[in-house]
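What follows is one structure encoded as C-alpha cells, with my remarks underneath.
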Amino acid sequence: STLTDGAVYLCRERNVKIPGREDASVTDVAFDGPHPAGLPGTHIHVLDPVNESKTVWHINYQEVVAIGHLFLTGKLMPERIISLAGPAVAEPQLIKTRLGASLEELTANTVSQPTSDDPDKESSAAADGPSVRTISGSVLSGRTSVAPTNYLGRYHWQVTQLHEGADREFIGWMLPGFDKFSITRAFASALTGLTGGTKSFTTSTEGSVRAVVPIGMYEKVMPLDIIATPLLKALLVQDSDTAQQLGCLELDEEDLSLCTFVCPGKNEYGPLLRQTLTHIEREG
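For the sequence shown, the positions run 890 to 1173 when the working numbering is used.
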C-alpha cells in the first residue's frame, strides 16, 4: 500500500543521511539555508504548490516514527522529543515528554535571571522575581501558554521562554541605541555589530502598532514567490478576494512569522492570515 496516489517527498537537510531514501516510491529532496528553509510551507511551495482546488499533506518525522511503532507493536506512542529554549531558559535542552504535556510542570525551575547592563532601565518585576512568558511552539509563531490551555500544542516541537519586556527606558526615543536590534540598521548598534549578531530578546515590541511601512523589509525575508507587501495590506483590511489572488491559500501562520518579526508597524500577520482563511472557508 502507499500513502497517496501522488508524489511523496522526503525533505531533509543537505548532507543528512536518512534511511529509506533509496525507496523508489519516495522522492528525496535536500533543502539548505537559514529559516524558513525547513518549514513545510516552503517545501510545498517549491515542490508542489497548492491552490483552491488542490491539497497537499505534510507529516513530521516524529509522527512517521509513531505510525511505524503502531504498526509494529500495535501500541500508541505518545512520547515526543521537544526543544526547551529561549533567553529565559537557564539550561536549553532536548526533553522527552508526552503529547499534551503540562507546560507548567515541564518548565518548573527552568528560568534564568534576566540580565541588564543599562542603568536607565527600571525593572517593574525586580521585587517579585523574573517575570517570564512561556510559549508553546516557536517564538516566531507559537502561542502564549496560559491557563486553561497551558499544555504542549499538538504540532509543537519546541517550548520557548522569554523574559517579559516590562522595563521602562528613560527618554529611549532620544538615545542612539547602541544595544538595540534593528533589521533596518536604524540605530547606532549597526556600528557595533549588534545588528548582525545575537541579542537576548524580551517580549517587548519596542513600540505600539502602526500602519504598514512599505520599505522593502517583507520582501527581504519572504522566500516564496509571493508579492509580500500587497498581500499583507490585504490581510490587514481583511480583503479576502485580493488575498486569494496574491496567494494566501498557500500560506500558514508560520510562513508569515518573519514578516511579523521585521514589520516596522508591529503587526501580527499570522492571526490576520488565519482570520482570512477562516472567512474564505466559511464563505465557500
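Heads up, the beta-carbon is just placed ideally off N, CA and C, and yes, glycines get one too. Computed from a predicted model, the values in this text were never measured in an experiment.
If distances are taken between C-alpha atoms only, which option among the options comes closest to residue i?
i       : options                               : result
Gly975  : Thr1167, Asn940, Glu1053 and Tyr1040  : Glu1053
Glu1172 : Ser1129, Cys1137 and Thr1091          : Ser1129
Asp912  : Arg903, Thr891 and Val905             : Thr891
Glu941  : Leu1162, Glu1157, Gln1133 and Ile1060 : Gln1133
Glu968  : Lys1069, Gln951, Gln982 and Ser1001   : Gln951
Gly1061 : Glu1095, Ser1001 and Thr1038          : Glu1095
Val1102 : Leu1113, Leu1121 and Lys906           : Leu1121
Leu1138 : Val953, Leu1161 and Asn1156           : Leu1161
To the nearest whole angstrom, what separates the beta carbons of residue i and residue j, a pair I think is in contact under 8 Å?
i       : j       : result
Gly930  : Leu1140 : 6 Å
Leu1051 : Val1021 : 7 Å
Thr916  : Val939  : So it is not a contact: roughly 17 Å between Cβ atoms.
Ser1034 : Leu1080 : That belief does not hold up - the Cβ atoms of Ser1034 and Leu1080 are roughly 38 Å apart, past 8 Å.
Thr1073 : Met1106 : 7 Å
Ala979  : Thr999  : 6 Å
Pro1119 : Leu1145 : Between Leu1145 and Pro1119 the Cβ distance is about 14 Å, and since that is not below 8 Å, they are no contact.
Asn1156 : Leu1125 : 7 Å
At a Cβ threshold of 7 Å, is residue i touching chain D?
i      : result
Ala896 : The structure shown contains no chain D, having only a single protein chain.
Can you list, in chain order, the residues of its chain with a C-beta nearer than 8 Å to that of residue i? Leave out the 5 residues immediately preceding and following it.
i       : result
Glu1143 : Pro925, Leu928, Gly930, Ser1027, Leu1029, Ser1030 and Gly1159
Leu995  : Leu973, Ile984, Thr986, Leu1041 and Val1048
Leu959  : Leu965 and Met966
Ala1100 : Gly1154
Thr1092 : Arg1022, Leu1051, His1052, Glu1053 and Gly1054
Ile1104 : Thr1073 and Pro1153
Glu902  : Ala919, Phe920, Asp921 and Gly927
His1168 : Gln1127 and Ser1129
His947  : Pro929, His932 and Ile933
Can you list, in chain order, the residues of its chain whose CB lies under 6 Å from that of residue i, leaving out five sequence neighbours each side?
i       : result
Val1110 : Leu1147 and Val1151
Ala1014 : Summary for Ala1014: the model assigns pLDDT 42, below 50, so the residue's position carries little reliability, and this model does not support an answer.
Ser1089 : Pro976
Val918  : Tyr898 and Cys900
Thr1023 : Leu992, Thr996, Ser1034 and Gln1050
Ile1115 : Gly1136
Lys1010 : Below a pLDDT of 50, predicted positions are generally treated as unreliable, and Lys1010, at 46, falls in that range; the measurement from the model is reported next regardless. These residues qualify, in order along the chain: Asp1056 and Glu1058.
Val954  : none
Gly1018 : For Gly1018, the predicted structure reports a pLDDT of 49, less than 50, and the residue's modelled location is therefore unreliable. A value from the coordinates is still provided. The answer is none, since no qualifying residue turns up.
Glu1108 : Ala1117
Ile907  : Arg901
Can you find the residues in the same chain that come closer than 7 Å, C-beta to C-beta, to residue i, ignoring five residues on each side of it along the sequence?
i       : result
Gln1164 : Gln1127
Asp894  : none
Gly989  : Tyr1040 and Leu1041
Phe1067 : Ala1077, Ser1078 and Thr1081
Ser1025 : Leu992, Gly1031, Arg1032, Ser1034, Leu1041, Gly1042, His1045 and Val1048
Gln982  : Leu973
Val945  : Ile933, Asp937 and Val939
Ser1001 : Ala977, Val978 and Ala979
Ser914  : Thr891 and Val897
Buried or exposed for residue i, please, with buried defined as at least 16 other CB atoms from any protein chain shown within 10 angstroms of its CB.
i       : result
Arg910  : exposed
Ala977  : buried
Ile971  : buried
Thr1149 : buried
Ala1036 : exposed
Ile1123 : This sequence places Ala at residue 1123; Ile is not what is there. By the neighbour-count rule (16 or more Cβ atoms within 10 Å), Ala1123 is buried.
Asn904  : exposed
His934  : buried
Ala1117 : buried
Asn949  : exposed
Thr1087 : exposed
Glu1170 : exposed
Pro1008 : The predicted position of Pro1008 is uncertain, since its pLDDT is 40 and thus under 50; a value taken from the coordinates is nonetheless stated next. Pro1008 comes out exposed.
Every unbroken beta strand (DSSP E) inside the region 938–999 [3 residues or more]: List check, beta strand (DSSP E) in window: 968–974 and 982–987.
Output the residue ranges of the beta strand (DSSP E) runs that lie fully inside the region 1015–1096 and measure 3 residues or longer, sorted by chain position. Segments of the beta strand (DSSP E) lying fully in the region 1015–1096: 1021–1025 and 1047–1052.
In the region 1097–1163, which residue ranges form an unbroken alpha helix (DSSP H) of at least 4 residues, counting only runs that do not cross its ends? DSSP runs (the alpha helix (DSSP H)) wholly in the region 1097–1163: 1106–1110, 1117–1125, 1129–1134 and 1146–1151.
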